[in-house]
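Down below is the structure, laid out as structure tokens.
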DNA sequence: GATATCGCTTAACTTAGGTTAATTCCTTTC
DNA sequence: GAAAGGAATTAACCTAAGTTAAGCGATATC
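Protein chains in written order, with our numbering: chain A, 267 to 461; chain W, 267 to 461.
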């Protein structure tokens, strides 16, 4: 398939957000990843120094503790830029993996080469600034929720924030997102039913 | 005092980080905040849409829950850019306040006007990108530590990460940083002493 | 169509950490 | 130097959530 056809969805994404970015200046080959439900784009511990664009689908960021417990850091629905900023920028091992929860299509470029070419475009820099601001703000809000609210409240907040996920993904994944065990979530749901 | 003299420390900060940014293009007046120990630069709930530069001193980001419990999100030593990205970018109320833990000097510019002028400078955009990347990565690591480690481990990590703070700030502030009560921290320290 | 397998629930028990309060120790302040 | 307030410790008690395990539907596999 032609490069421009493949990158169409990314170009559209930029345009929709109001950023006048021309991808055709890139001399880099884009890579296409087709993920089935359950597949990992990359695993925790991999060096994932790519710029990833989730064209369609749904993924979760999942990190595993030394004791083997899974924790879901976030859910992301396409179209959206995804990936580990840390791994991308510092070429270090990612502290989480990205797993598809549905059939998903992901485009990627090696970050360093991509940034070297795109940084010439002030519009791209401004897009990237806005992207970082956005993901930072959402992390700020999540941290605050974790510190300030109980697990029960975090569950209720989740249901409001992701109404479409509430009934489509597994409860254990919701539990790992709000930072408790599936058993504890089941108890909370039981208690809420009674109210 | 002259504008250029006031902004000297910020100019030096940019230069040290290797960013060729010329502040003298700014037609904006800089504001200087002189904080005593305990003073707030801004409080949670204020709209703090300024670009703040902590020239010298030490601050903490502190948020308070509905029940009145304090939580310290981070400690920052000058020289460093500080502030609430969310409040700055979206002109919304800050979800935390910034409190000086020592005598501190802070410079500030209103963000919108500052960004409008500085965005013309690609070097500034790249500095701002690097700044966002850095604070994002540190948030990513903190989130991970919170999910993966016990309070005891988080205390030990704190001692390694902030050796100079360990003995200079109050234990209740350390406790609020690692997300437990002062009583619980005291218990942990007691237990560690026995080992 | 029988049988694993997986996700969820429920129960019983354990544990980390919260709550309250008393005690001591240190600073301030007058 | 006495008094008062704040910080840390310690103890007793409580609660939310973790752990383990049994049971129960679903769905998938042969």
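Virtual Cβ for every residue (Gly too), placed ideally from N, Cα, C.
Burial state of residue i (16 or more Cβ within 10 Å)
| i | result |
| --- | --- |
| residue 344/A | buried |
| residue 331/W | exposed |
| residue 297/A | exposed |
| residue 338/W | buried |
| residue 270/A | exposed |
| residue 282/A | exposed |
| residue 436/A | exposed |
| residue 365/W | buried |
| residue 304/A | exposed |
| residue 273/A | buried |
| residue 459/W | exposed |
| residue 217/A | The structure shown does not extend to residue 217/A, since chain A is modelled only from 267 to 461, so the question has no answer here. |
Minimum C-alpha distance to residue i - residue among the options
| i | options | result |
| --- | --- | --- |
| residue 355/A | 317/A, 280/A, 329/A | 317/A |
| residue 287/A | 416/A, 448/A, 453/A, 385/A | 385/A |
| residue 333/A | 414/W, 459/W, 427/W, 450/W | 414/W |
| residue 369/A | 301/A, 458/A, 447/A, 292/A | 301/A |
Close-in-space but distant-in-sequence residues of the same chain around residue i (CB under 6 angstroms, 5 per side omitted)
| i | result |
| --- | --- |
| residue 421/W | 444, 454 |
| residue 319/A | 276, 347, 373 |
| residue 433/A | none |
| residue 383/W | 292 |
| residue 285/A | 389, 393 |
| residue 324/W | 343, 367, 368 |
Beta-carbon contacts of residue i that lie in its chain and below 8 angstroms, excluding the five residues immediately before and after
| i | result |
| --- | --- |
| residue 397/A | 347 |
| residue 387/A | 287, 288, 291 |
Residue i to residue j span [Cα, whole Å]
| i | j | result |
| --- | --- | --- |
| residue 276/A | residue 314/A | 19 angstroms |
| residue 359/W | residue 353/A | 31 angstroms |
| residue 289/W | residue 278/A | 36 angstroms |
| residue 377/A | residue 308/A | 15 angstroms |
| residue 357/W | residue 350/W | 10 angstroms |
| residue 326/W | residue 294/A | 43 angstroms |
| residue 512/W | residue 411/W | Chain W is shown from 267 up to 461; residue 512/W falls before or after that span and cannot be answered. |
| residue 311/W | residue 362/W | 7 angstroms |
| residue 336/W | residue 440/W | 11 angstroms |
| residue 321/W | residue 395/W | 20 angstroms |
| residue 340/W | residue 451/W | 17 angstroms |
| residue 407/A | residue 401/A | 10 angstroms |
| residue 442/W | residue 299/A | 43 angstroms |
Cβ neighbours of residue i in the same chain (closer than 7 angstroms, five flanking residues each side left out)
| i | result |
| --- | --- |
| residue 391/A | 385 |
*Mind checking the region 328-346 of chain A against chain W and listing, in chain order, the residues whose C-beta falls within less than 9 angstroms of any C-beta there?*
Contacts with chain W (Cβ-Cβ distance below 9 angstroms) from the region 328-346 of chain A involve 329, 330, 331, 332, 333, 335, 337, 339, listed in chain order.
_Against chain W: residues of the region 402-423 of chain A by CB proximity under 9 angstroms_ = The residues in question are 402, 403, 405, 406, 407, 408, 409, 410, 412, 413, 414, 415.
*Compile a chain-ordered list of the residues in the region 368-390 of chain W whose CB is closer than 8 angstroms to at least one CB of chain A.*
The residues in question are 385, 388.
*Residues in the region 429-445 of chain A having any Cβ partner in chain W nearer than 7 angstroms*: Taking a C-beta cut-off of 7 angstroms against chain W, the contacting residues of the region 429-445 of chain A are 445, listed in chain order.
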